[in-house]
Structures are given as structure tokens and as C-alpha cells.
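**Q**
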Amino acid sequence: MARAFNKFAKKYIGDIMEEEGFVPYKTTYFIRLTENNRLVQFISFSSGASGGCRYLEVGYLPLFMKHESNTISSEIHGRMKDRPPCGWGSFCWKFPKGDMKTAEESMIEIKNVIIKYTIPYLNRYCTFESILEMLEEDKPDVVPEVYNALSRGKSHHKGYFAMGAGDYKKAEKYFKESYSRFKPENRIKEISRWIMEELEEILDAIHDNDKIEQVMEKNRQHTIELMKLRKYIAIN
């Protein structure tokens, strides 16, 4: 079903995706690699819980951010619809099985949102520096909705974009803020321990340019292999 949808989607937005440098990834994603193959921008079409509909999702993933999933998952993302100023908002377009007319109408509406909001947004915020500035300003109607909803953890993400922008001093500040929310007893929990160890490795290397770049490249290569991105980097 997902493969059929992606083939259907390419009929309506394939030309736009190609013009903007996006390539199909897996079954319901289009991705674009920027910043020297260190940043992934993605456009995806997740299905609704009840089936028969699709969300338009947009986001970012720094490849040197420690990642343990073989799918694109990021808290710097959100759903889009036709809503100013940037299009953020949850809307599930209908794709009922066997109803080609409704599916075509939905795809045309999605295409309009992609042209009106998605592509301009991803082109405006396409570097670590510009994305960091956007996250720091933290305007609710501009930042991706999932990031906007975070009650904790914003510093963690800003640290990675600061690191990508080469501002290690600012990155250190954000990573220290992120680390300060953990207590020694948090190590008992696997997820907390994993994040703490991740931050400790970065903070230990942050004052040595060669060392921190080695950490970043190690994580980037791990993510590339985990998500099977090698062939996309080869053609980028």
C-alpha cells in the first residue's frame, strides 16, 4: 500500500521534488542532503491511525546527531497544511481505497501546500546557521510543531545545530543546559543513560576541534549505514 502511494505521489509531485533536489527514500519519504551531506531535510506522508488518509510531514535530521533508528525520526519536524505563515498544522488528506477521484483531489491539495509552504520553508531554513537562528528565536508559528511542543530538550537540539554551524562555544552552552536536567539516578533508565553518555562524549571533546570532528564524523557514518543512505550520498 505504501509503495503504491509513493508511486501515485510521484505522478503529482515528482517533478517538483526533482527540481528541488529531493529524491525518493524508502516508501513514503523524499529526502534532500545538504550541508556537505551532514543534514537531511525530509518530506514524508505518514498514514492516519484509522487508515485511508495521509499527513504531510516536514523536518530535519543532522546526520552527526547520535541516532539508533533505521528510519528518519526527528523532533525537528511537524505536519503541514494550508495555513499561514509557514503552513504548520495537522490535517489528514483522504485517500480512501478505490476512490481515485478523492485521492487525486487530495494530492492536488498536497501539491499546492508543498509549493506554497513546504519548499519555501525548506529553502529558507536550509543551513545549520539559519535553522539554529530559527530555533533560537523560537516563534511558535515558525518553528516545527513537534519542536514547538517540547517542554524539555530544546537545548539538546540547538546544541547540534550550533555544532553543525561550527559554533562550538554556543554548542557547549546548549549541551551543558541539556545535561543539567539529568540527575545521577537517571542513569538507571536506559534512555536517560544513553542521552547522558552521548552528551558526556560531546562535552569531553568540544574544546578540541580535531576530537569533536572525529566524534561528529563517527556518528555521521553510523547514521548513514544505519539508515542505508550511502547510495544517496553517492549521487548528491
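The sequence shown begins at 1 in full-length UniProt numbering and counts up one residue at a time.
All C-beta atoms in this analysis are idealised placements derived from N, C-alpha and C, irrespective of residue type, glycine included.
#1: Would you tell me roughly how many angstroms separate the C-alpha atoms of T34 and L56, rounded to the nearest one?
#2: Does the count of Cβ pairs from the region 92-109 and the region 2-12 closer than 8 Å reach three?
#3: What are the boundary residues of the alpha helix (DSSP H) that I43 is part of?
#4: Which residue's Cα is closest to the Cα of D82: K116, S106 and E217?
#5: Between the Cα of K170 and those of L229, L203 and K183, spot the shortest distance and give me the residue it belongs to.
#6: Taking 8 Å as the cut-off, decide whether the C-beta atoms of Y168 and I119 are in contact.
#7: Could you check the C-alpha separation between H222 and H67 for me, to the nearest Å?
#8: Nearest to V143 by alpha carbon, out of R187, G78 and F161?
#9: Alpha carbons only, please: which of E75, Y29, G59 and F64 is nearest the one belonging to S47?
#10: Taking the alpha helix (DSSP H) that R193 belongs to, which residues open and close that run?
#11: Grab me the residues of F42's own chain with a C-beta within less than 6 Å of its C-beta, minus the 5 sequence neighbours each way, in chain order.
#12: In chain order, what residues of the same chain have a beta carbon less than 7 Å from the beta carbon of L226, not counting five sequence neighbours either side?
#13: Judging by CA-CA distance, which residue of I233, V215 and D210 is the nearest neighbour of E198?
#14: Quick one: measure Cβ to Cβ for G164 and L39, integer angstroms, because I've assumed they're closer than 8 Å.
#15: Leaving out the 5 sequence neighbours to the left and right, which residues in its chain are closer than 8 Å to Y232 when beta-carbon positions are compared?
**A** Once the coordinates are examined:
#1: If I take the Cα positions, the gap works out to 21 Å.
#2: yes
#3: Here I43 belongs to no alpha helix (DSSP H); instead the beta strand (DSSP E) covers L39 to S47.
#4: K116
#5: L203
#6: Taking 8 Å as the Cβ cut-off, Y168 and I119 do not qualify as a contacting pair.
#7: 8 Å
#8: G78
#9: Looking from the CA of S47, the closest CA among E75, Y29, G59 and F64 belongs to Y29.
#10: Its alpha helix (DSSP H) spans residues E190 to A205.
#11: Cβ neighbours of F42 beyond the five flanking positions: Y29, I31, G59 and I72.
#12: The beta carbon of L226 is closer than 7 Å to those of H67 and N70 in its chain, skipping five residues each way along the sequence.
#13: V215
#14: So it is a contact: roughly 7 Å between Cβ atoms.
#15: V23, Y25, I31 and L33
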